[in-house]
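One structure below.
In structure tokens:
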């Protein structure tokens with residue numbers, strides 16, 4: 002499911018993505034640094050939502066976080 006995630010195109014979708022990762026943040030070293038570009042555009046007030054612009058820096062953070070979620074040692078296998 003994580004592999005199939007598409008890049009957010011709205012402020013709500015970007016917030017939803019970060020919210021979905023909130024539990025995993027403790028397992029991802031430097032999560033705050035990696036997610037900072039996404040947080041920068043999700044911290045918009047209601048009156049500034051029209052300023053939501055998903056740029057290359059957010060794309061890089063998005064794909065880096067996705068990659069970290071699907072690779073070892075973070076990937077949580079079920080025991081046999």
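Residue numbers (my numbering): 2 to 81. The beta-carbon is built from N, C-alpha and C at its ideal position, and this holds for glycine as well.
Check: Residue 26 beta carbon less than 8 Å from that of residue 18; Outcome: no
Check: Residue 3, enclosing alpha helix (DSSP H) - first and last residue; Outcome: Where residue 3 is concerned, there is no enclosing alpha helix (DSSP H), given that its DSSP letter is neither H nor E.
Check: Residue 48 versus residue 57: straight-line alpha-carbon distance, rounded; Outcome: 24 Å
Check: Buried versus exposed, by CB contacts within 10 Å (16 or more), residue 54; Outcome: exposed
Check: Integer Cβ distance of residue 29 from residue 71, believed to fall under 8 Å; Outcome: With 8 Å as the limit, residue 29 and residue 71 do not qualify as a contact, their Cβ atoms being about 12 Å apart.
Check: Where residue 18 sits in the DSSP three-state scheme; Outcome: helix
Check: Inter-residue spacing [alpha-carbon to alpha-carbon] between residue 12 and residue 42; Outcome: 8 Å
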